[in-house]
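This report refers to the structure that appears directly beneath it.
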Amino acid sequence: MAQSIVAHEQGPIRPPNEANSLLLRLTRNCPWNRCLFCPVYKGEKFSRRSLEEIKNDIDNIDQAVKRLITISQENGMGGTVNRDLVAQVHARHPELLPVAYWQYHRGETVFLQDADSIQLPVEQLVEILELLKEKFPGIKRITTYARSRSLLRRSVEELTRLKEAGLSRVHVGLESGNDKVLDFMKKGVNGPQQVEAGTRVKEAGLTLSEYVILGLGGRSLWREHAVDTARVLNEINPDYIRVRTLAIHPASPLYEKLKQGEFTPLDDDGVIREESLFLEQLRGIESAFYSDHILNLLEEVNGRFPQDKGRMQAVINRYLSMPGHKRELFRLGRRTGYFRTLGDTNNPSLAEAVENIYQQLQDRGITVDQYLEDLMRRYI
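In terms of the numbering used here, the sequence shown has 299 at position 299, counting the first letter as 1, and numbering is strictly consecutive.
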């Protein structure tokens, strides 16, 4: 009789670069859950999962790995988790699929969910991290989200202990370094606190990834948002800076502010001008800069400071120097998946496909802005 495997609990989100990671849920939802721009967890209550629950999940994952090996061996695959085995699992053992995907991608990374795993007591986190490393010795990286306010409740010594137990990286939603923007968006933290939280992570020897939301200041505070966010990051010098472009989801409280006229968003060109100023203000850091999200118009603005700063700015300048209609077509092609780089606009077949979409929108009386506004909300 086939062994029955109980699925482990998973939360709703993770960073894009953790797509191949095992998702292990330590907490449910967000302890703050007031940010205006965020549609996730609204109406949900925050809770900490018990140590027993988490240990049971780790045991279930261990049993799932062993079951995958058995299935592989029974089907002449030598115990490996390859593409054929994943397809078989998808069809016959869907409860094993998350672990199968993880093992297919070498089983080396783990992401601790949900929005703020640092909320758990340090002793419990240490026990969980050590158990993960014991059960799965091939793990090379364990990461988590953390709020700056939660990090401020942890000493450098406590964070160092978590690193020694196996935690590798902390993802922090900086969003902005400007206090007016942070206050309006109800982030629950100010610029100096963001600096202190990030500094503690770095001092503990953990890798730090800071997230910035382009356009978060809207039309009224775009300049302050760009300058002060860069200033805060200059003080922290994180390992990674990852940008996301603001898209206002109807489920977010910011949508009501938009309807009431209390917030006016930037258009795409305004966001790119803001990003240009933001990049120009980033100085004296050695961070890697990533535009790794479909919401970002210029995905190719990637590189490392200081050596790639000029090249990244050149991409922005190239976009802003394009004729208005060509910028509009690029925006349409980028959001619909035809274009990834500015150079793709010179590909005749891709350009023709985008022109066809543009003409269809024109025939239906729909502007590119209207179409893209709806499309971007689906990407959140």
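A virtual CB, placed ideally from N, CA and C, is assigned to each residue, including glycine.
Chain-order list of residues whose beta-carbon lies under 6 angstroms from that of residue i (same chain, five-residue window excluded)
i: Arg364; result: none
i: Val368; result: Glu328 and Leu332
i: Tyr338; result: Leu350, Ala353 and Val354
i: Val181; result: Leu216, Gly217, Leu221 and His225
i: Tyr41; result: Asn29, Cys30 and Asn33
i: Leu361; result: Tyr371
i: Val406; result: Residue 406 falls outside the range modelled here, since the chain spans only 1 to 380, and no answer is possible.
i: Gly107; result: Gly138
i: Met322; result: none
Proximity to residue i [Cα-Cα], best of the options
i: Leu295; options: Pro348, Ser276 and Leu332; result: Leu332
i: Ser155; options: Ser168, Val181, Tyr145 and Ile118; result: Ile118
i: Ala176; options: Glu275, Gly324, Leu120 and Lys259; result: This sequence places Ser at residue 176; Ala is not what is there. Considering only alpha carbons, the answer is Glu275.
i: Leu159; options: Val65, Lys45 and Gly198; result: Gly198
i: Leu266; options: Arg244, Ala7, Leu214 and Leu375; result: Leu214
i: Pro39; options: Asn356, Asn190, Ala247 and Asn347; result: Ala247
i: Leu399; options: Ala87, Asp268, Leu120 and Leu277; result: Within the shown structure, residues of the chain are numbered from 1 to 380, placing residue 399 beyond reach of any answer.
i: Leu320; options: Ile357, Arg273 and Arg378; result: Arg273
i: Asp239; options: Arg200, Arg219, Ser287 and Val271; result: Ser287
i: Gln63; options: Glu44, Gly76, Gly43 and Leu96; result: Leu96
i: Ile128; options: Lys163, Asn317 and Glu235; result: Lys163
i: Val201; options: Ala146, Val243 and Arg219; result: Ala146
i: Pro98; options: Leu167, Val65, Glu157 and Asn317; result: Val65
i: Ile61; options: Ala204, Phe330 and Lys135; result: Lys135
i: Ile236; options: Lys257, Gly191 and Pro15; result: Gly191
Where residue i falls, given that 16 or more other Cβ within 10 Å makes a residue buried
i: Asn29; result: buried
i: Gln113; result: buried
i: Ile366; result: exposed
i: Met1; result: For Met1, the predicted structure reports a pLDDT of 38, less than 50, and the residue's modelled location is therefore unreliable. A value from the coordinates is still provided. The residue is exposed, with fewer than 16 neighbouring Cβ atoms inside 10 Å.
i: Ala115; result: buried
i: Ser150; result: buried
i: Lys259; result: exposed
i: Leu282; result: buried
i: Asp183; result: exposed
i: Arg378; result: exposed
i: Gly284; result: exposed
i: Gly303; result: buried
i: Gly11; result: buried
i: Gly166; result: buried
i: Arg242; result: buried
Own chain residues within Cβ distance below 8 angstroms of residue i, not counting five before or after
i: Lys300; result: Note that residue 300 is Glu in the sequence shown here, rather than Lys. Cβ within range, chain order: Ser291, Val315, Arg340, Thr341 and Leu342.
i: Ser47; result: Thr27, Arg28 and Asn29
i: Leu131; result: Lys55 and Ile58
i: Thr336; result: Val354, Ile357 and Leu375
i: Arg161; result: Val122 and Val126
i: Arg219; result: Thr264, Pro265, Leu266 and Gly270
Contacts around residue i, its chain only, beta-carbon distance under 7 angstroms, and the 5 residues preceding and following it disregarded
i: Val81; result: Leu68, Ser72, Ala100, Gln103 and Tyr104
i: Gly79; result: Ile69, Ser72 and Gln73
i: Lys187; result: Cys35 and Glu175
i: Asn17; result: Asp292
i: Asp57; result: His8, Glu9 and Leu24
i: Ser148; result: Val172, Val189, Gln193, Gln194 and Ala197
i: Ile13; result: Val40
Anticipated Cβ contact below 8 angstroms, residue i with residue j, distance rounded
i: Leu22; j: Val110; result: 5 angstroms
i: Phe37; j: Met185; result: 6 angstroms
i: Thr245; j: Val227; result: With 8 angstroms as the limit, Thr245 and Val227 do not qualify as a contact, their Cβ atoms being about 18 angstroms apart.
i: Glu262; j: Gln313; result: Going by Cβ atoms, the distance from Glu262 to Gln313 rounds to 33 angstroms, so no, they are not a contact pair.
i: Thr229; j: Asn178; result: 7 angstroms
- Query: How about the segment 85–98 and the segment 48–56: do they share at least three Cβ pairs that are nearer than 8 angstroms?
  - Reply: The way I'd put it, the segment 85–98 doesn't touch the segment 48–56; fewer than three beta-carbon pairs between them come closer than 8 angstroms.
- Item | Contact between the segment 195–209 and the segment 163–172 (3+ Cβ pairs under 8 angstroms) | yes
- Query: Do the segment 250–257 and the segment 307–314 meet, that is, are 3 or more Cβ pairs less than 8 angstroms apart?
  - Reply: no
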